[in-house]
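S.K.:
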Amino acid sequence: MSAATIISLPDQSTARIPKMNFLTKENGLLSWLLTGDHKRIATLYLVSITFFFFIGGALAGLIRLELLTPQNDLMAADTYNKVFSMHGLIMVFFFLVPSVPATIGNFLMPMMVGAKDLALPKINLLSWYLYVIAGIMMIYTMSVGGVDTGWTFTTPLSTHYLNTHVISAGLSVFVAGFSSIFTGLNFIVTIHKMRCPGMTWFRLPLFVWSNYAASILMVLGTPVLAITLVLVVLERTVHIGVFDPAYGGDPLLFQHLFWFYSHPAVYIMILPGFGVISEVISTFSRKRVFGYTAVAFSSVAIAIFGFFVWAHHMFIMGISNYSALVFSLLTMLVAVPSAIKIYNWAFTLYKGSITFETPMLYAIGFMGLFTIGGLTGVFLGATGTDIHLTETYFVVAHFHFVMVGGMLMSFLAGIHFWWPKWTGRMYPEKISQLAALTTFIGFNLTFFPQFILGTLGMPRRYAAYPPEFQVLNVFSTAGATVLGIGYLLPILYLTWSLKYGEIAGDNPWQATGLEWQTQSPPLTENFPEIPIMDHEAYDYEWLERQQRKEVASV
Amino acid sequence: MSHISPVLWQFLVKWLTNFQLFPPEASKVAPEMDALYFFMVLISLVGLTVVVLLIVSFSILYNKRRHPVATQIEGSTLLEATWTIIPLGLFLVTFVWGALLYFRIYTPPANAMNIYVVGKQWMWKVEHPGGQHEIDALHVPTGRPVQLTIISQDVFHSFSIPAFRVKREAIPGRYTSVWFEATEPGTYHLFCTQYCGTNHSQMIGEVVAMTPDDFRKWLQGSTSGNSLAQDGERLFASLSCNACHNPSPSSRGPNLVGVYGSHLTLASGQTITVDDAYLRQAILNPSEHITQGYAPIMPTYQGQVSEEGIFALVEYLKHLDSDYRIQQTLNTTVLPANNEGRPAPGASTPNAPGEVKQ
Amino acid sequence: MSDSTAIARGAAAEAAHPHPGEHPPYQRHHFETVGQQFDATNFAMWLFLLTEVMFFGGLFASYLIMRNWYYPAFVEGSHQLNIGWGTANTAVLIISSFTMAMGVWSAEMRKKGMLLLFLSLTWILGMAFLGIKTIEYHEKWVKHHVPGLNWSDSSFLNPASDPEVHKDYPGDKPLAPEMAQKAEMYFFLYFAMTGMHALHMIIGISILTFMIIRARQGAYTTGHVTYVENFGLYWHFVDIIWIFLFPLLYLISRFPNS
Amino acid sequence: MSEQNQQHAGHEDEHHIVSPLVYLTILLCLLAFTGLTVLASYKDLGEWHITGSLTLFWNPVVALAIACTKMTLVVLFFMHVKYSPKLTKLTVISGFFIFLGLISMTLADYMSRAWGRW
Ligand code: HEA
Ligand code: HEA
Ligand code: CUA
Ligand SMILES: [Cu+2]
């Protein structure tokens, strides 16, 4: 990598982490458990989702080990089914949905709009508690034997035919859903009502815009999942209901209601990631995001259109052909704003002054992988090809490309990018670049072969498969090992850096966001006094002027 | 070479010799599907290459060392419009193309031969009109459109034949259908692709496409003695459907001769066309749709007939085109040896007199 | 907030902090002004109501589809409901919405006595609603119309066996057994929808109890009406849900096509 | 930007205190509508055959129309939306928009099926 860098750290011999900051303000467990501070809640969230990520990751490891050979020899088919169900449930509801919004977003949102806190700090804390309760319920479910419905709770399988712990899993997701509703609600209120003087909508960082869009989806989509799960649970308990044909219900109704949430949910899972990428790309190319307005509005467009494409998960399931037509068309439309974003980011690099610190590496990885993931989504969105590709590993590859290659990459980009702000210390640059590279390589090795597998027709959720698919599966498993290492590294060196990392100073990246204009780690109130926004977002010239002024005044 | 471990070596050989990018094209739609697939691969490659090229070239050109000071640019309406409109256009093309293909795969031609499929945890049961039963296998002739009428008797399953590029969900309580025309004789995978519980991955089988001659031979070799329609006829009698459905003027139920494909006016004023799905509903949930002029007296047969039995009844009613058949059933529960009625396709040959077993 | 932050939220707030710059005790630390605090919490309440709309949305969608599938069963099922009770409950709830609105008004006008009166009235009406609902539920139980727990199809297999209802709906014909079964689906949805609604009422009444206690201590009559106002929104929302449940469950099936 | 301004503009006129008289009027309207909808339900309002298989029954239509009117009254007056900032109005409208999206697109699927149920 290039030696050029924009990192500007204070003189290490004299630099100190500010004594007074949100981490040191109060001590003791209770001061954390009863905190209203969004940064502390974000930290709590960070710890909890990391925990769940590794559980989910370990389950992924088991999946890949089982699929190393065509027979189901490592575990019984039942166990395998439980493993991928829990993997999906945990990764989606306990890791990816809260990943960027509830951690990074929670940490940054008030700072980016120039407020002291989120509008509803108690609700924010409540949201974390709900998350923990849901998490405990999920762990309980897992420890008493797990659930094997798949993450989609497909009826009538889930309501009638399984004797695993569908109820506790369903209720757990129900509670987790409310946790995410409250986060989303809080963000929307904060963005509308808590902006500092001068912070107009079009001066907001794009991170705020994309989280705003994701929050709309959380607030309006999640309750539908909640009621659906309530109905599933009722149906299981009183043996009468609207989803199971044996009781006169309609399983397709379940699909409609479930995907009404779960399609928007995939945008809940990606939009906040888009926000991170905007910030990172801009900072490391020292340029305003190309076509700010288009990028901002494309997030909102995705949020709105995203509500009306859900039935593309049901093309072969017996919805009316005409419905399929409409939903397919809308799916094509919703793909366009993502294309706009990708190219706008690419053009942000144009005439920039680019450096390649770790967050930037992750962001570039994101752009490539998300493009592949998104374009393969278009394969699935076209009704014709979906017939062949649906329910195969092609879908698995598609969603891992967007969720892991997309969102997880941007989550890591964000964690590295804001790590110095969060902890006041830098992560070690060289090894983290290595980790970024490892994940990129491991990722492609894991999931690219799955596209081919899917095209060949290998169905998903198979504990055993015809032997001719083995070779590609071996590649995939090998890749997963590399990938696992790639994810293990950050947790090690980031923990290390808490104590030994270099002191970062306020603005190691020379970034323009308001969050960088305060100390790191920030004060509990974020800013000594409420800032006044008098420039556009990503105004690097303003930043320079500001710094010149400071130098002059010293 | 000698340093490579034998396992790895074998592995590589295996891979290189078996490497495929897509499954065999063994049906008429397969090449059409693949054409669209490769078109999409192509536009994806174009899109991706553009992205990668932009990133790489800008990264080199505007690296901080080479380009220490960034030039601020707002954006460019023209450029942005370009990369809105071009992808939009391409996506719309795939949409239209995909939709055409979708309608093609899910709209069976009129002359298709019908095979019935029941999915259950964890097997596929196939019923040929000629009375051949198969489990986890499907034999079809090449060069002839075959329509599958699919239903599940428990949970969602999905009937998938990758080599034919077709797949359709088996839904409990409702018929779905799909058709294909096999082109290449051979044996292909049959998968259940919708997760359906413990042995989902064991719910696999094979599809054997045969030349019409072989297929005829196979039909003869695997007959169960009587055709599906005959099974239906027997059920019709044993469930005493004919007590109400008979041509006599005093019959309490409508005459079912020629009902298939006809337009019925319901008591609600709705008009519907009778198809397989309607027949099924009429047997299981008769009170949901009452035919005009009749009382809702028909009992439900829910729980008394299996999905296969309903298929048999449906097949029977489909081919019920003269009163004579009913008359026969009415008069005797012993089946007439040589029945009139249009014989079901493929069923004509095995039906020698006396062959009917109960 | 920008320069306009100083603008207080109307007379009420102004009086609460006569010396500009000095924050009233109920202002949370992270808000710049009371106005901002009010706006934010009010907006948050609205967003929460949106989630509630979508929550009930799933139920409404299910109901509409099932009703169209099993129309005769839903018709006769709904004939089992007592329009008298339903109307009474609708009136009760509407009046309670009115008293709630008046409660908010009293809080704004700082009339503690009135506030207490109206909150208590709302509380009583809420309880009355639940009381009537209990009577109705009890009747369902007695008549074996509780799906899954205490169910019998007989009223639908033979409507004449239920003379009270049959008197009002002489047109009801015996349903075929498999259709009669589907009446259970109607009652499943009936209980799911009214039960979910009743749950919201119970939550509302609990909060109301708490508010009455606080109001006696003079909590809401010092110019800080946010809490009352937001609770009012919730209460009215619950009312609106009922405004739709009433016709859907009780009324629209009186004249099925004959 | 506009919203920033409007947000502040909001403070000034927003806390319009609605007079009890208005509330009383609305209450009476609501009760009247309740009566009306019950009365209407006791009368067979007939039906409208649009085409062969599409028929519109007036009873449910009238009942739901009255319910919508009642809801509008509650939202506008009891919930003060009439006097609220644009943002609140927009919130309410967008909520119903998505709600209707859910209902209408789901029902549209059912109604356009070749033959399943319906
Ligand atoms: C983060 C999550 C995420 C995201 C962002 C997406 C994004 C998209 N998804 Fe995906 N999807 C999932 C997660 C996600 N998906 C999951 C989890 C499933 C499976 C659920 C399950 O069954 O378990 C799934 C399944 C799924 C299906 C159902 C498959 C099936 O079961 O049959 C479909 C079908 O339409 C689909 C489509 C799309 C589309 C069109 C997009 C679009 O939004 C993508 C838009 C992006 C781009 C298009 C890339 C950028 C474009 C360019 C760079 C332009 C290229 C230029 C030219 C063409 C010139 N997805
Ligand atoms: C956020 C979402 C997310 C993430 C991050 C991942 C991450 C991974 N997933 Fe997963 N996946 C889903 C969401 C996700 N997945 C969903 C929704 C499903 C569908 C479920 C369903 O069908 O219901 C699914 C299904 C799924 C399948 C298909 C199962 C099947 O259909 O039969 C596979 C198979 O390869 C797979 C693999 C992986 C791998 C290898 C990773 C890797 O990226 C994980 C890498 C991380 C680690 C490995 C952890 C770090 C390391 C350690 C803890 C050390 C120990 C490591 C080892 C023992 C190897 N996933
Ligand atoms: Cu049957 Cu999977
Ligand atoms: Cu989707």
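Chains A, B, C and D, in that order, are what the protein sequence lines are. Those letters in the first sequence? Residues 1 to 554, by our numbering. Those letters in the second sequence? Residues 555 to 912, by our numbering. Those letters in the third sequence? Residues 913 to 1170, by our numbering. Those letters in the fourth sequence? Residues 1171 to 1288, by our numbering. Ideal Cβ positions, reconstructed from N, Cα and C, are used throughout, including at glycine.
Which residues count as close to ligand 4 when the rule is a CB under 6 angstroms from any of its heavy atoms, in chain order?
M.R.: Qualifying residues come out as A:His263, A:Val266, A:His312 and A:His313.
S.K.: May I ask you to report which of helix, strand or coil DSSP gives A:Ala511?
M.R.: A:Ala511 falls in the coil class under three-state DSSP.
S.K.: Bridge partners of B:Lys674, per DSSP?
M.R.: Beta-bridge pairing links B:Lys674 to B:Met677.
S.K.: Indicate the three-state DSSP secondary structure (helix, strand or coil) for A:Phe315 in the structure shown.
M.R.: Coil, per DSSP.
S.K.: Under a Cβ-count criterion, where at least 16 other Cβ atoms within 10 Å of its own Cβ denotes burial, should A:Arg16 be classed as buried or exposed?
M.R.: Looking at its Cβ environment, which holds fewer than 16 other Cβ atoms inside 10 Å, A:Arg16 is exposed.
S.K.: Kindly say whether A:Met194, judged by its beta-carbon, lies nearer than 8 angstroms to any beta-carbon of chain C.
M.R.: Taking Cβ atoms only, chain C reaches closer than 8 angstroms to A:Met194, which makes this a yes.
S.K.: Kindly provide the chain-ordered list of residues whose Cβ lies closer than 5 angstroms to any non-hydrogen atom of ligand 3.
M.R.: Result: B:His711, B:Cys746, B:Cys750, B:His754 and B:Met757.
S.K.: Which runs of the beta strand (DSSP E) spanning at least 3 residues fall entirely within the stretch 635 to 719 of chain B, listed in chain order?
M.R.: Correct list: 667 to 674, 677 to 681, 687 to 689, 691 to 695, 700 to 706 and 711 to 715.
S.K.: When we look at the beta-carbon of C:Gln870 and count the other beta-carbons within 10 Å, is it buried (16 or more) or exposed?
M.R.: Only positions 913 to 1170 of chain C appear in this structure, which leaves residue 870 of chain C out of reach.
S.K.: If we count the other Cβ atoms within 10 Å of its Cβ and call it buried at 16 or more, is A:Asn186 buried or exposed?
M.R.: Classification of A:Asn186: buried, given that the 10 Å Cβ count is 16 or more.
S.K.: Would you check whether ligand 2 has a heavy atom nearer than 7 angstroms to the C-beta of A:Met137?
M.R.: No.
S.K.: Quick one: what's got a C-beta closer than 7 angstroms to A:Tyr483's C-beta in the same chain, skipping five residues either side?
M.R.: With the sequence shown as reference, residue 483 of chain A is identified as Leu, and Tyr is not the correct amino acid for it. The residues are Thr439, Gly442, Phe443 and Thr446.
S.K.: For C:Ser1073, does the three-state DSSP call read helix, strand or coil?
M.R.: The answer is helix: DSSP assigns C:Ser1073 an H, G or I state.
S.K.: How many angstroms separate the CA atom of C:Leu971 from the CA atom of C:His1112?
M.R.: For C:Leu971 and C:His1112, the distance between alpha carbons rounds to 15 angstroms.
S.K.: Going by DSSP in three states, B:Leu889 sits in which element: helix, strand or coil?
M.R.: At B:Leu889, the pLDDT of 36 sits below 50, so the modelled position is not reliable; the number obtained from the coordinates is stated separately. In this structure, B:Leu889 counts as coil in the three-state DSSP scheme.
S.K.: Quick one: residues in its chain with C-beta nearer than 6 angstroms to the C-beta of D:Tyr1253, no 5 flanking neighbours on either side, listed in chain order?
M.R.: Closer than 6 angstroms at the Cβ level, and outside the excluded window around D:Tyr1253, lie His1186.
S.K.: Along the chain, where does the alpha helix (DSSP H) containing A:Gly275 start, and where does it finish?
M.R.: Its alpha helix (DSSP H) spans residues Pro251 to Ser285.
S.K.: Roughly how many whole angstroms lie between the Cα atoms of C:Phe967 and D:Val1244?
M.R.: Between C:Phe967 and D:Val1244, the C-alpha separation is close to 20 angstroms.
S.K.: Taking Cβ-Cβ distances below 9 angstroms as the criterion, which residues of the stretch 84 to 116 of chain A are in contact with chain C?
M.R.: From the stretch 84 to 116 of chain A, only Pro110, Ala115 and Lys116 have a Cβ closer than 9 angstroms to chain C.
S.K.: Can you name the start and end residues of the alpha helix (DSSP H) that A:Leu65 belongs to?
M.R.: Taken as a continuous stretch (DSSP letters only), the alpha helix (DSSP H) holding A:Leu65 covers His38 to Glu66.
S.K.: Taking A:Leu96 as the reference, which of A:Tyr267, A:Thr79 and A:Leu252 has the closest Cα?
M.R.: When only C-alpha atoms are compared, the closest one is A:Tyr267.
S.K.: Cβ of A:Phe202 within 7 angstroms of any heavy atom in ligand 2?
M.R.: No; taking the cut-off as 7 angstroms, the Cβ of A:Phe202 has no heavy atom of ligand 2 nearer than that.
S.K.: Sort out for me which residues DSSP pairs B:Val732 with in a bridge.
M.R.: The partner list for B:Val732 (beta bridge, DSSP) reads B:Leu702.
S.K.: Just mark B:Pro622 as buried or exposed, buried being the case when its beta carbon has 16 or more other beta carbons within 10 Å.
M.R.: Per the 10 Å Cβ criterion, exposed.
S.K.: Give a single yes or no on whether A:Phe451 has its beta carbon closer than 7 angstroms to a heavy atom of ligand 5.
M.R.: As presented, the structure is devoid of ligand 5, carrying ligand 1, ligand 2, ligand 3 and ligand 4 as its sole ligands.
S.K.: Please say whether A:Val289 and A:Thr348 have beta carbons closer to each other than 8 angstroms?
M.R.: Yes. Within cutoff.
S.K.: Which residue's Cα is closest to the Cα of B:His743: A:Met458, A:Tyr540 and A:Tyr131?
M.R.: Ranking the options by Cα distance to B:His743, first place goes to A:Met458.
S.K.: Are the beta-carbon atoms of A:Gly241 and A:Thr149 separated by less than 8 angstroms?
M.R.: Not closer than 8 angstroms, so no.
S.K.: Give every residue of the same chain whose Cβ lies closer than 7 angstroms to the Cβ of C:Ala1088, excluding the five residues on either side of it in the sequence, and list them in chain order.
M.R.: There are no such residues.
S.K.: In whole angstroms, what separates the C-alpha of A:Lys116 from that of C:Val1016?
M.R.: Whole-angstrom Cα-Cα distance: 30 angstroms.
S.K.: 8 angstroms is my cut-off, CB to CB: does A:Phe307 come that close to chain D?
M.R.: It does; some Cβ of chain D falls within 8 angstroms.
S.K.: If contact is defined by three or more beta carbon pairs under 8 angstroms, each pair taking one atom from either stretch, is the stretch 608 to 619 of chain B in contact with the stretch 269 to 280 of chain A?
M.R.: Contact fails: fewer than three Cβ-Cβ distances are below 8 angstroms.
S.K.: Can the beta-carbon of A:Thr524 be found less than 8 angstroms from the beta-carbon of A:Phe107?
M.R.: Against a cut-off of 8 angstroms, the Cβ pair of A:Phe107 and A:Thr524 comes out as no contact.
S.K.: Between A:Phe451 and A:Phe394, is the Cβ-Cβ spacing less than 8 angstroms?
M.R.: For A:Phe451 and A:Phe394, yes; Cβs fall inside 8 angstroms.
S.K.: Residues of chain E with CB under 8 angstroms from B:Gln856, in chain order?
M.R.: In the structure shown, chain E does not exist; the protein chains are A, B, C and D.
S.K.: Output, in chain order, the set of chain B residues within a Cβ distance shorter than 8 angstroms of A:Phe399.
M.R.: Simply none; closest approach about 15 angstroms.
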